[in-house]
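A short worksheet on the structure shown next.
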Amino acid sequence: MRFFKAVNRYGYPHSIYAFRIIAHVFALAAMEMEVHALLRDIVNYNKEAKMDMYELFPSLLDSHEHARTSAVVISVLIKVFASNALLENAMDVFAQAKKIGSNQILGHLERDVAFSKANDIFEDMERNGESPTAVTYSTYIQGLCREGCVESALKLIRSLIHKNEPVNTYCYNAVIHGFCQKGEVHEALNVLEEMKNHGISEDVYTYSILIDVFCKKGDIDNGLRMIKEMELCNIKPSLVSYSSLLNGLCKSGLMDMSLNTFWDLGASGYNYDPLVCYILINGFCLQGDVDSAKTLLEKMMRNSLELDAFSFSRLIHGFCKLGMLDKALELLRTMLQIGLVPDILTWNVVVSGCCVKWQLEEALKLINEMKELGINPNSYTFSSIIDRVCKDKKPEKAWEIFPVMLKNNVLPSDVHYAILIDGFATQSNPKKAWILYTRMLKAGIKPSTVTCTIVMNIFCQRNKMAEAYSFFKEMTEQGLIPDTITYTSLIAGFSRTGDMKKAWAVFEEMLQSGCSPNVVTYTCLIDGFCKSQRMDMARALVDEMKRQNTTPDMVTYSVLIAGYQRLGEFDKAHDLFREMKKSGILPDDIIYRTLGAECW
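The sequence shown runs contiguously to residue 600 in the UniProt record's numbering.
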């Protein structure tokens, strides 16, 4: 039925809906000529009826789940508009497709162009009497798979097989890899069987693809099965195949099995590469067994195995994480002795490890060593030192690090100032903290939300809430976006000073900004309302917390219990105590003292 006849019989809305479905069915069946005929009919009707052509695109667009068919329909619609000299409408369709943000649809449109060019090349070859080789087809099939059109690639292979055209292992490998990339391992195995049935021999790469995907999924049994199948087919597994297997074994915690496999490889004549060594050392470190990792590393060195900086660095990271600084430093020295230079990340990890162990002189010594080896310390190198000195409650000493940074061509950043400002604030030296903040601004360093929150919190802790709120407004006007900690600090300050009206206003502002309150935010508000004897609001906030999947903690229950106790509502206090224990939160001594001896 022609479109104009359908409109006369069923009306325009029903007809466009039905024709849209038919167009997408044809598109799915790759019947582009039929799609073109349908859309030409629709466009001609709209043109004669002087209807708004700009409404056609949304009328014909299917859901994003059917991006492939939508792409065909959109592509054809553009061609129909262009052939009818409706170029503005053609451009509008492309613009609307882009506007809805469907990269998948646009990707298909671009892909169609690429595939049509490839098809043109095949047609040119046929016209010139040239026959495409297996290599030509495999290149095209790999391109299809790279673009995610694995099913189309498989259909092409089957078509080529049917026509007795040349197909090789690479064609099938591309499809097997494509299905594995999509997580459809079962389909990949079916393709492998199909490949064998057509008499095309699988190779080491075929199996390596499957071993890798099985081991990444944690399916070690099938990974091992693939290795055995290779051996039965007289295909020697490559070191890449075994690397995937070792990686899977290590991630599954099967370190004994991975270690035995590793040494068996050497006995079978495989030459280890640095990646295989790294996989095993990393595996032990992931299990927290750095001693075994170190023993393995030493054994590798005794056997003159090729090692790279990554193997050493991974182990150094492991030792530092466990607080075993002496062993980390020992390995660092070994690296340097055999001519391997650690990267900046490894140096920073060791410097940070020294700071954790309060060995600041050793940390500074390492920085000098780095420089001698031509490795320049960076911002992070000094951050860990400044942080440790501030935690040692010596911010004045941390301030002395700044000239050392400048000497090493490292400009102090917002992070360094934030650590130092916080250090002075913690030491109850707000004057020095403020001086540092103003000095930072004069140096042209833009403060972050974190830095401004630290400064604002200084006002809050001193109950100078007018100044704190003024500073908060100033930071938002400068384009900084407050986070949960910023809002919570302000709410805590207003709640502590009993200004619940202002605390609630900030809370509402927080919600409107899309920033999610946490348990501390709610607890500060609840505490403020409890102290203001507004238990109705406090309890309502607890209910809201639960609706938002924020679990009340021990502090939340403590302030609520204390609130009911102050009002003499002891039954409600005890009900909360029982609710708290039922939810698995263990009461502390403060709660027991608040409720009295009867709870013991």
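Using N, Cα and C, we set each Cβ at its ideal position, and we do this for glycine too.
- Unbroken alpha helix (DSSP H) runs of no fewer than 4 residues, entirely contained in the UniProt repeat "PPR" (518-552), are found at 519-531 and 535-547, following chain order.
- Per the coordinates, the alpha-carbon of Gln-533 lies some 7 Å from the alpha-carbon of Gly-563.
- Under the criterion of beta carbons closer than 8 Å, Val-276 and Ser-241 do not qualify as touching, at roughly 11 Å.
- Measuring C-alpha to C-alpha distances from Val-450 to each of Ile-401, Ser-208 and Tyr-487 identifies Tyr-487 as the nearest.
- Distance check between Tyr-270 and each of Leu-373, Lys-299, Ala-293 and Ser-238 places Ser-238 closest, using alpha-carbon atoms only.
- By the Cβ test, the region 252-267 is in contact with the region 282-299, since at least three Cβ pairs between them sit closer than 8 Å.
- Between Leu-560 and the set Arg-578, Ile-227, Leu-345 and Leu-224, the nearest pair of CA atoms involves Arg-578.
- In the DSSP assignment, Leu-189 falls within the alpha helix (DSSP H) that extends over 185-197.
- For Leu-373, there is no enclosing alpha helix (DSSP H), as DSSP marks it with neither H nor E.
- Judged by beta-carbon spacing, Phe-81 lies beyond the 9 Å limit of Asp-41, meaning their Cβ atoms are not closer than that value.
- In chain order, Leu-307, Asp-308, Ala-309 and Phe-312 place their CB closer than 8 Å to the CB of Leu-340, counting only its own chain and leaving out the 5 sequence neighbours on each side.
- When DSSP states are grouped into helix, strand and coil, Ser-379 belongs to the helix group.
- With fewer than 16 other Cβ atoms from the protein chains shown falling within 10 Å of its own Cβ, Asp-264 counts as exposed.
- Distance from the CA atom of Asp-343 to the CA atom of Val-350, rounded to whole angstroms, is 11 Å.
- The Cβ atoms of Lys-327 and Val-356 do not sit closer than 9 Å to each other.
- The C-beta distance from Val-415 to Ser-383 rounds to 6 Å, short enough to meet the 8 Å contact threshold.
- Taking a contact as a CB-CB distance under 8 Å, the pair Ile-316 and Thr-346 counts as one, their CB atoms being some 6 Å apart.
- In terms of Cβ geometry, Leu-156 and Ile-176 do not form a close pair [threshold 9 Å].
- If you look at Met-257, you'll find it in the alpha helix (DSSP H) that goes 255-267.
- DSSP places Asp-221 in the uninterrupted alpha helix (DSSP H) bounded by 220-232.
- Taking 8 Å as the upper bound for CB-CB distance, Leu-525 and Ala-505 are not in contact here, some 12 Å apart.
- Here Leu-436 is buried, its C-beta having at least 16 other C-beta atoms within 10 Å.
- For Ala-573, the enclosing alpha helix (DSSP H) has its first and last residue at 570-582.
- Per DSSP, the unbroken alpha helix (DSSP H) holding Pro-58 starts and ends at 56-60.
- One alpha carbon belongs to Phe-472, the other to Lys-581, and they sit about 39 Å apart.
- If the five residues before and after Asp-212 are omitted, its C-beta is found closer than 7 Å to the C-beta atoms of Ser-244, all from its own chain and listed in chain order.
- Excluding its 5 nearest sequence neighbours in each direction, Asp-387 has C-beta neighbours in its own chain below 6 Å: Ile-419, listed in chain order.
- Boundaries of the alpha helix (DSSP H) harbouring Trp-399: 395-399, taken from the DSSP string.
- For Asp-422, the uninterrupted alpha helix (DSSP H) segment begins and ends at 414-426.
- By the criterion of a C-beta distance shorter than 7 Å, Met-370 is surrounded in its chain by Trp-347 and Pro-377, once the five residues flanking it on both sides are discounted.
- Counting only residues of its own chain and dropping the five nearest sequence neighbours on each side, Val-76 has a CB closer than 7 Å to the CB of Glu-32, Val-35, His-36 and Leu-39.
- Straight-line measurement puts the Cα of Asp-575 at about 37 Å from the Cα of Lys-464.
- Judged by DSSP secondary structure, Ala-174 falls within the alpha helix (DSSP H) whose first and last residues are 169-181.
- Excluding the 5 residues flanking it on each side, Gly-253 has same chain C-beta neighbours closer than 8 Å at Gln-287, in chain order.
- With respect to the 9 Å criterion, Ile-200 and Thr-169 are classified as neighbours on the basis of their beta carbons.
- In the pairwise beta carbon analysis, the region 417-433 is classified as touching the region 391-405: at least three pairs are separated by under 8 Å.
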